[in-house]
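S.K.:
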Amino acid sequence: MPLIFSISVRLSLFAHASEDDDFIWAVSKDDAIQPLTWNVTFGIRSPLGTPQQVLLVNGGFPGPEIPTVTNVNLQINVVNSLDEPLLFTWNGLWQRRSSWQDGVPGTNCPIPPGQNFTYFFQVKDQIGSYFYFPSTGFLKAAGGYGGLKVDNRVIIPLPYSAPDGDLFVLIGDWFNANHTDLQAQLDEGGRLGPPDGIVINGKGPFGEFISVDPGKTYRIRICNVGIATSLNFRIASHNLTVVEAEGSHTQQNSYENLDIHVGQCYSVLVTLNQAPADYYMVASSRFTDPVLNGIGVIHYSNSGSKVSGDLPPGPTIEIGFSIDQARTIMWNLTANAARPNPQGSFHYGNITVTETAVLEGTSTAINGKQRYAVNSISYQNPDTALKLADYFNIGGVFSLDFPRFPSGSSPFLGTFVLNTGYRGFLELVFQNDESIVQSWHIDGYAVFVVGSDGGRWSSASRGEYNLLNAVARSTFQVYPQSWTAVMLELDNVGLWHIRSQIWERQYLGEQLYFKVPNPDGSFRNEADIPPNALRCGQAIGH
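Under my numbering, the first residue of the sequence shown is numbered 46, with each subsequent residue one higher.
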């Protein structure tokens, strides 16, 4: 479907705009506007054969794909027809200088049932593959997700030949219980346990049937939209050439199969160069026993045979395989970024680190109930969105004293924000002393994943960092009894979310926010509060 653009629209929303302003609401008023309207409802579907309540966007499960182009302003009017509050967040798609549009409870008040809210933000300088999902409560377990792709403008060439086709494959674990039952289970102090299966584009085994033309090359955008499980993706007899990870062009390595951890997205090129037939497409669970398989079909348009026989083999519980593969995902230094300059022109390894924080996510119990914590703090969502409390100087909502290092103290409930310095260069280390693979996400930024190794991180670990071509992305894994280090330049003013992508852990406290302050209050550093911003808690009346 072609994009619908309104060119050079000047809106009354630009209350502070002058003729010279390029940048209000983190967008240029002269760039195209792509309007969308979503009605969000519950409906009954049977992804794994069991009828259950799922989240529908405009009647669809998954929700509609958003195709757009860099510099376009997305205007998404979300009508909440549910019986509970709702927000959408844009996984990996950062809002430049406008955390007001981030769509998480710390930056936005949830949309009440029966009301609507219009997101308005620019997809600036972030060619790549992303997805959206509901961020409130435990709605993510009900679906409501969809693909979001940002294509290049014609003046910015891709580092590979334009593919003949482009499609999303959304893979994820799935539970047959309704999200309300899963949420109640966690509220009562329990844990979720293993999922019931794996779905591909919201469909169970053999439900997803993709027809392709022989001899052509397709770009397949694969995102793990699940809530708990790392997955391995493969297509029988076909290689996957990775070309992009969450907005970064990568070195173009080919793989028989690819590990995709919770919340991650990749673009791969697949050339249909095999005999005309149907081929298995598999997303299988990693590090689980038993292994769960999501199965779809890649159908050559001139195929004369259906899929049969064994599924193509893939890794199961082997950690070493995943670690070795992850180390081969690197930045393509010669590829153009969103601007004509190559990605490699940003020499992140030559920037002096000004701030360091070590974040340790742990499973714990508080008041006899299962919780998760970061540096001994189990996050609690206050009634007032943090961003509103910060903007209106409302005291008592949160503290800026988030500890920068693990203390080993007894875990407790609280609302703390990590305070940082504008234009600083932050080294964040994620420590995992548990036996599972953790997955972390940082809103507002693409971060350089510079290092990962077993054991405890120390200052000596910096000697292992990749300071040349580490991939920049928003979601990254931390292997069991290991650490992962990332670096980021603190140039995007706002309050931004750091969260576990494993939704049970996020829901029960494994999350925090960090603040990048506006040094002079200028609208050029940070967009002003949107005129349609919802109010909640102590911000009501402001």
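C-beta atoms are modelled at their ideal positions from N, C-alpha and C, and glycine is treated no differently.
Check W70 in the structure and name its three-state DSSP category.
M.R.: Within the sequence shown, residue 70 is the residue found at index 25, counting from 1. Unreliable positioning characterises W70 in this predicted model, as indicated by a pLDDT of 42, which lies under 50. The coordinate reading is nonetheless provided below. In the structure shown, W70 sits in coil (DSSP, three-state: anything other than H, G, I, E or B).
S.K.: Could you give the distance in angstroms between the alpha-carbon of R449 and the alpha-carbon of N420?
M.R.: Counting from 1 along the sequence shown, the entry for residue 449 is found at position 404. Counting from 1 along the sequence shown, the entry for residue 420 is found at position 375. Straight-line Cα distance between these residues: approximately 8 Å.
S.K.: State buried or exposed for F162, treating a residue as buried only when at least 16 other CB atoms are found within 10 Å of its CB.
M.R.: On the sequence shown, residue 162 is found 117 positions in, with the first residue counted as 1. Buried.
S.K.: Does the beta carbon of L512 come closer than 8 Å to any beta carbon on chain C?
M.R.: Of the protein chains in the structure, only one exists, and it is not chain C.
S.K.: Would you mind stating whether F470 and E509 have Cβ atoms separated by less than 8 Å?
M.R.: Position 425 of the sequence shown, counting from 1, holds the residue named residue 470. Position 464 of the sequence shown, counting from 1, holds the residue named residue 509. For F470 and E509, no; Cβs fall outside 8 Å.
S.K.: Going by beta carbon distance, what residues of the same chain come within less than 6 Å of A383, once the five residues before and after it are set aside?
M.R.: In the sequence shown, residue 383 corresponds to position 338, counting from 1. These residues qualify, in order along the chain: T115, D170 and I172.
S.K.: In angstroms, rounded to a whole number, what distance separates the CA positions of V270 and A186?
M.R.: Stepping through the sequence shown from its first residue, residue 270 is reached at position 225. Stepping through the sequence shown from its first residue, residue 186 is reached at position 141. Cα to Cα, V270 sits roughly 10 Å from A186.
S.K.: So does the segment 333-348 actually touch the segment 376-390, counting three or more Cβ pairs closer than 8 Å?
M.R.: Contact fails: fewer than three Cβ-Cβ distances are below 8 Å.
S.K.: Under the three-state reduction of DSSP, which class applies to A434: helix, strand or coil?
M.R.: The sequence position of residue 434 within the sequence shown is 389, counting from 1. In the structure shown, A434 sits in a helix (DSSP, three-state: H, G or I).
S.K.: Roughly how many angstroms lie between the CA atoms of V54 and P80, to the nearest whole one?
M.R.: Reading the sequence shown from its first residue, position 9 is the one you call residue 54. Reading the sequence shown from its first residue, position 35 is the one you call residue 80. For V54, the pLDDT reaches just 31, beneath the cut-off of 50, and the residue's location in the model is therefore unreliable, although a value from the coordinates is still provided. When rounded, the distance between both Cα atoms is 12 Å.
S.K.: Contact defined as beta carbons within less than 8 Å: I believe W219 pairs with N537. What is the distance between those atoms, to the nearest angstrom?
M.R.: For the purposes of this step, residue 219 is taken as residue 174 along the sequence shown, with counting starting at 1. For the purposes of this step, residue 537 is taken as residue 492 along the sequence shown, with counting starting at 1. The pair is not a contact, with the Cβ atoms about 34 Å apart (cut-off 8 Å).
S.K.: Using alpha carbons as the reference points, say which of F166, V313 and Y164 lies closest to G210.
M.R.: Here the question's residue 210 lines up with position 165 in the sequence shown. Selected option, being the one with the closest Cα: V313.
S.K.: Roughly how many angstroms lie between the CA atoms of G292 and G413, to the nearest whole one?
M.R.: Numbered from 1 along the sequence shown, position 247 holds the residue referred to as residue 292. Numbered from 1 along the sequence shown, position 368 holds the residue referred to as residue 413. In a straight line, the C-alpha of G292 is about 42 Å away from that of G413.
S.K.: Grab the span of the alpha helix (DSSP H) containing T589 for me, first residue to last.
M.R.: Residue numbering for the chain in the displayed model covers 46 to 587; residue 589 lies beyond these limits and cannot be assessed.
S.K.: If you scan the segment 225-278 from start to end, which runs of the beta strand (DSSP E) of 3 or more residues do you find wholly inside it?
M.R.: Taking only runs of at least 3 residues, the beta strand (DSSP E) segments lying wholly in the segment 225-278 are 242-245, 254-257 and 262-269.
S.K.: With C-beta atoms as the reference, is T295 less than 8 Å away from E301?
M.R.: Position 250 of the sequence shown, counting from 1, holds the residue named residue 295. Position 256 of the sequence shown, counting from 1, holds the residue named residue 301. Result no, Cβ atoms of T295 and E301 do not sit closer than 8 Å.
S.K.: What's the call for I362, buried or exposed, on a 16-neighbour Cβ count within 10 Å?
M.R.: Here the question's residue 362 lines up with position 317 in the sequence shown. Per the 10 Å Cβ criterion, exposed.
S.K.: Taking the alpha-carbon positions, what's the A418 to I343 distance?
M.R.: Position 373 of the sequence shown, counted from the first residue, corresponds to residue 418. Position 298 of the sequence shown, counted from the first residue, corresponds to residue 343. C-alpha separation (whole angstroms): 42 Å.
S.K.: Rounded to a whole number of angstroms, what is the C-alpha to C-alpha distance between L579 and G499?
M.R.: Working through the sequence shown from its first residue, we reach residue 579 at position 534. Working through the sequence shown from its first residue, we reach residue 499 at position 454. Cα-Cα distance, rounded: 44 Å.
S.K.: How many Å lie between N277 and G586 at the Cα?
M.R.: Here residue 277 is taken as the residue at index 232 of the sequence shown, counted from 1. Here residue 586 is taken as the residue at index 541 of the sequence shown, counted from 1. The alpha-carbon atoms of N277 and G586 are separated by roughly 49 Å.
S.K.: Counting along the chain, where does the alpha helix (DSSP H) carrying F391 start and finish?
M.R.: As a working mapping, residue 391 is identified with position 346 in the sequence shown. Here F391 belongs to no alpha helix (DSSP H), and DSSP marks it neither H nor E.
S.K.: Given W528, which residues of its chain have a CB within under 6 Å of its CB, disregarding the five upstream and five downstream residues?
M.R.: Residue mapping note: residue 528 aligns to position 483 of the sequence shown, counting from 1. Hits under 6 Å: V474, Q476 and W502.
S.K.: Check each candidate in P202, F457, L463 and H392 and name the one with the smallest Cα separation from A515.
M.R.: Along the sequence shown, one-based indexing puts residue 515 at 470. The shortest C-alpha separation from A515 is found at H392.
S.K.: Taking C-beta to C-beta, are L285 and V327 nearer than 8 Å?
M.R.: Walking along the sequence shown from the start, residue 285 turns up at place 240. Walking along the sequence shown from the start, residue 327 turns up at place 282. No, they are not a contact pair.
S.K.: Using the rule of at least 16 other Cβ atoms within 10 Å of the residue's Cβ for burial, across every protein chain shown, is G159 buried or exposed?
M.R.: Within the sequence shown, residue 159 is the residue found at index 114, counting from 1. Flag for G159 reads exposed.
S.K.: Where do the ends of the beta strand (DSSP E) carrying R550 lie?
M.R.: The count along the sequence shown starts at 1 and reaches residue 550 at position 505. No beta strand (DSSP E) contains R550, which is instead part of the alpha helix (DSSP H) from W548 to Y552.
S.K.: Can you tell me which of the three DSSP states W541 falls into?
M.R.: The residue you call residue 541 lines up with position 496 of the sequence shown. The answer is strand: DSSP assigns W541 an E or B state.
S.K.: Starting from I41, follow the alpha helix (DSSP H) in both directions and report where the run begins and ends.
M.R.: An answer regarding residue 41 cannot be provided, because it is not within the stretch 46 to 587 covered by the chain.
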